[in-house]
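In case it helps, the numbering used here puts the sequence shown at residues 20 to 186. Quick notes on the structure that follows.
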Amino acid sequence: MVTNKKKSKAFSLVQQPPIAPDTNILDLDYFAAIQPLQQKMSVRSIVELVANVVLAFDDLVETMRLFGDNAYKLPHMGKEKLAHKGQLPQNMQYPLDVYLACKKKLAAQDAVAMERAVSAEVEEARCHDELDRQHEYIAQSDSDATDDIISAMAEVGIEPIRINMDS
């Protein structure tokens, strides 16, 4: 956790599922994620485009309802029919209970535990990087590089796959 001593404000890093859109208000990833809708769903008017954006925001609400998970089923609300009739509402309202539940979940996040998890991931990535460097070194410096790499992988519990290129 980083703290600004002058203003006494703190922030922490929070993990997100790899497939979920980034829903941080300061990031534009969510809007970049919904932009391909223009190519996927053909629209003939601004009203239809707005309907597609509203559908994307329904995805956001469901993502929030499941605290960042993307294993949700969207409720069918007939927005396309409303858009064709010109009855699509200009402003959307979302459930207060979803907002309050998300706010409570964020407030309850254990920042120290999250920082430990991030540190462990960084250390694991560093170890993978070092293993890759060792593989490259062995491959460049030794004529029996393949056997050395296979032995090194076996020592750390990685089962090698052999591919016969001669046939």
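Glycine residues also receive a C-beta, built at the ideal position from the N, C-alpha and C atoms. Note that the structure is a prediction, hence the values are computed from the model and not measured.
When Ile168, Glu178, Ser170 and Arg84 are compared, the shortest CA-CA separation from proline 114 is found for Arg84. For isoleucine 65, the enclosing alpha helix (DSSP H) stretches over residues 65-84. Under the three-state reduction of DSSP output, aspartate 129 falls in the coil class, being neither helix nor strand.
Just so you know, the alpha carbons of alanine 158 and valine 137 end up roughly 32 Å apart. Between valine 66 and aspartate 77, the alpha-carbon positions lie close to 17 Å from each other.
Annotated three-state conformation of glutamine 106 is coil, per DSSP. Assignment of glutamate 155 by DSSP, reduced to helix, strand and coil, places it in the helix class. Judged by DSSP in its simplified three-state form, glutamate 178 adopts coil rather than helix or strand.
By the Cβ-count criterion, alanine 126 is exposed, with fewer than 16 other Cβ atoms from all chains shown falling within 10 Å of its own Cβ. Between the C-alpha atoms of glutamate 140 and methionine 60 there is a straight-line separation of about 38 Å.
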